[in-house]
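Numbering (the working numbering), first residue to last: -8 to 61.
Below is the structure:
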């Protein structure tokens, strides 16, 4: 499981906290918004919205903190 993440993002923090509370671990993949990494074709291929957090588990992708929390 991977969590595409920006450390200073409140929404990313919610996702990290939730995973911790339910005892799940995820590989944190930092996405640097200041460098525009979220607009690179490689990231847009997995999340056309170009936003973080994005939780990826196999073929399943949740591109929104609210979706991750539900």
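For each residue, glycine too, the CB sits at the ideal point set by N, CA and C.
All values reported here derive from a predicted model rather than from experimental measurement.
Alpha carbon of residue i to alpha carbon of residue j, nearest angstrom
{"i": "residue 13", "j": "residue 4", "result": "14 angstroms"}
{"i": "residue 28", "j": "residue 34", "result": "7 angstroms"}
{"i": "residue 52", "j": "residue 25", "result": "23 angstroms"}
{"i": "residue 6", "j": "residue 44", "result": "7 angstroms"}
Residue i, enclosing alpha helix (DSSP H) - first and last residue
{"i": "residue 10", "result": "1 to 12"}
Exposure label - residue i; buried when at least 16 CB within 10 Å
{"i": "residue 36", "result": "exposed"}
{"i": "residue 38", "result": "buried"}
{"i": "residue 56", "result": "buried"}
Anticipated Cβ contact below 8 angstroms, residue i with residue j, distance rounded
{"i": "residue -8", "j": "residue 46", "result": "7 angstroms"}
{"i": "residue 54", "j": "residue 42", "result": "6 angstroms"}
{"i": "residue -6", "j": "residue 17", "result": "4 angstroms"}
Nearest to residue i (by Cα), restricted to the options the options
{"i": "residue 23", "options": "-4, 48, 11 and 9", "result": "-4"}
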